[in-house]
Amino acid sequence: MNSLVQDAAAAGARVGLKSDEIVIRGGKPLVGRIEVRGAKNLATKAMVASLLGDTPSILKDVPDISDVKVVRGLLEVHGVRITDPARGELILDPSNVESAHFAEIDAHAGSSRIPILFCGPLLHKLGEAFIPDLGGCRIGDRPIDFHLDALRAMGAVVDKQVNGIHLTAPDGLKGASIELPYPSVGATEQVLLSSVLATGVTELRNAAIEPEIMDLIAILQKMGAIVSVEPNRVIFIEGVESLRGYTHRAINDRNEAASWASAALATDGDIFVEGANQQELMTFLNVFRKVGGGFDVQEDGIRFYRERDTLKPVVIETDVHPGFMTDWQQPLVVALTQAEGQSIVHETVYENRFGFTDALNEMGADIVVHKEGLPGHDRRVARRPFEQAAVITGPTTLHAANVRVPDLRGGFSHLIAALTADGESHITNVGIISRGYEHFIPKLRKLGADFDFAG
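Take the sequence shown: its letter number 62 is residue 72 in this note's numbering, and every next letter is one higher.
Listed below in structure tokens is the structure:
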């Protein structure tokens with residue numbers, strides 16, 4: 011069994027999936043109401059932040075996803091006591107934080123990249139940290155050099171070993187002037203989590219400013235941190251001597267909301283996404299409308315549907331917030347296979363994010379990936395050396411196929427394609443989807459999808 015299959019099976023098992031393969035009979039619009047709750051990209055980081063407090067933290071609207079269970083396991087092997095007083099609520103008590111054995115860390119880390127964010131909090135609490143080899147979705151080289159360079163600038167000593175990375179801070183972490191080569195979300199989180207208890211002031215330039223970053227800053231401020239967000243992607247962090255626990259409700263998952271919106275568009279369905287927030291989806295909603303999607307913003311969520319019978323092609327350039335998120339393009343590409351004309355997606359964030367299109371082409375799509383990207387005179391986003399582009403020509407009729415899920419967003423895209431296609435598709439490695447989509451199987455049933463577990 012290869013590592014991808016193992017990762018998928020483990021992820022699905024964490025949330026109780028009874029099989030890693032489903033059979034979908036497509037061609038039926040998805041119609042109904044589903045709910046999105048706490049964002050994967052905030053909840054897991056907020057859980058790590060609880061390590062920094064001297065008293066327990068309470069996190070609400072925690073999604074029931076595999077990545078949350080991975081982080082919970084990592085926290086528990088480090089001595090954090092975690093209880094569940096109510097659905098979607100965690101109490102995290104860090105009063106007995108301790109070092110964990112490599113084997114325990116490695117067993118829980120699995121394919122998650124979250125362990126790198128434990129570095130700062132563990133250096134503050136224990137004076138050392140060990141990070142195993144990092145996994146995650148296979149969507150391109152996601153180097154941790156940004157993380158390690160920032161930690162070194164703050165006084166950490168990094169020892170790269172065969173099975174991971176050992177870090178120490180002989181003189182403690184200290185404030186530093188750090189400029190990221192790229193506004194990386196993970197590296198920005200690293201600096202925030204590492205600098206709030208550091209001695210002195212940290213100046214972070216070219217920081218990420220995603221909504222989940224702002225929500226993490228709100229959590230740290232509740233804990234007693236002093237964090238100032240300045241213009242032009244500059245963040246100042248004044249280190250404090252101690253932090254307390256927080257009580258916080260996680261921001262809702264905008265990526266999941268956009269994925270269900272794309273499913274409504276591709277299948278000619280009508281989905282109300284409870285918890286979807288207009289402000290955090292504005293860039294997506296503009297593109298959604300250009301393609302031919304309609305949406306009604308209501309107090310408790312957004313209704314998504316196909317407003318025009320004929321979908322129109324678009325040109326998309328992925329970028330960091332407030333640009334069009336890379337996580338949004340994969341599900342939307344499926345809908346673009348049904349648009350009349352030629353759409354272009356310039357992927358500027360990850361160099362291998364179009365791997366999922368191979369399966370779409372097998373299902374009848376007409377997608378050509380240009381691995382060196384495409385030149386453009388009217389580009390808004392500056393070209394990056396490794397960027398790629400996909401040209402999607404439609405409309406094409408999708409037909410059933412046997413598909414193996416390669417990564418989180420690509421996997422959900424394959425679900426959408428199978429739901430759109432004529433015939434019976436077999437989708438394997440669906441456990442990977444549970445890393446970021448809460449209760450996606452019950453939600454599919456609620457929306458009227460026709461499918462069964464295989465085996």
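Note that beta-carbon positions come from the ideal geometry of N, C-alpha and C, so glycine has one too.
All figures in this text were calculated on a predicted structure; none of them were measured in a lab.
Reference residue i, options the options, closest by Cα
i: A369; options: P385, I141 and V344; result: V344
i: A56; options: G185, G210, V81 and K38; result: V81
i: H356; options: L321, D319 and P395; result: P395
i: T293; options: I124, S29, D263 and G333; result: G333
i: E99; options: P131, I124, T54 and I236; result: T54
i: Q308; options: N412, K135, I281 and T336; result: I281
i: T198; options: I141, G130 and P385; result: G130
i: M373; options: V359, A431 and V415; result: A431
i: D376; options: E350, T403, G383 and F364; result: T403
i: D30; options: V41, R414, T336 and Q288; result: R414
i: K456; options: V359, L40 and R35; result: L40
i: L291; options: T407, A411 and E220; result: E220
i: G467; options: G174, I354 and T277; result: Nothing about residue 467 can be reported from this structure: the residues present for the chain run from 11 to 465 only.
i: E350; options: T406, T358, R389 and I312; result: T406
i: P66; options: I32, I101 and L275; result: I101
Beta bridge counterpart(s) of residue i as assigned by DSSP
i: N106; result: DSSP lists no partner for N106.
i: Y315; result: D280 and G304
i: V378; result: V401
i: F246; result: E213 and S238
i: I229; result: Paired residue(s): none; I229 is not in a bridge.
i: G48; result: N262
i: T257; result: I68
i: D543; result: Only positions 11 to 465 of the chain appear in the structure, and residue 543 is not among them; the question remains open.
DSSP state of residue i mapped onto helix, strand, coil
i: R394; result: coil
i: A56; result: helix
i: D77; result: helix
i: L408; result: coil
i: K135; result: helix
i: P142; result: strand
i: Q352; result: strand
i: A21; result: helix
i: I149; result: Below a pLDDT of 50, predicted positions are generally treated as unreliable, and I149, at 37, falls in that range; no measurement from the model is reported.
i: N262; result: strand
i: T336; result: helix
i: R455; result: helix
i: L4; result: Absent from the structure is residue 4, since the part of the chain shown begins at 11 and ends at 465.
Terminal residues of the beta strand (DSSP E) in which residue i lies
i: I443; result: Careful: I443 lies outside any beta strand (DSSP E) and carries neither H nor E.
i: V201; result: Where V201 is concerned, there is no enclosing beta strand (DSSP E), although the alpha helix (DSSP H) it sits in stretches over V195 to S205.
i: I326; result: V325 to E327
i: V88; result: The sequence shown places His at residue 88, rather than the Val named in the question. H88 -> no beta strand (DSSP E), and no H or E assigned at all.
Proximity below 8 Å, CB of residue i to CB of residue j
i: M224; j: G255; result: no
i: S444; j: A21; result: yes
i: G302; j: Y315; result: no
i: I188; j: V201; result: yes
i: G89; j: V107; result: yes
i: V33; j: D462; result: yes
Residue interval of the alpha helix (DSSP H) (run including residue i)
i: R419; result: L418 to T430
i: R389; result: R389 -> no alpha helix (DSSP H), and no H or E assigned at all.
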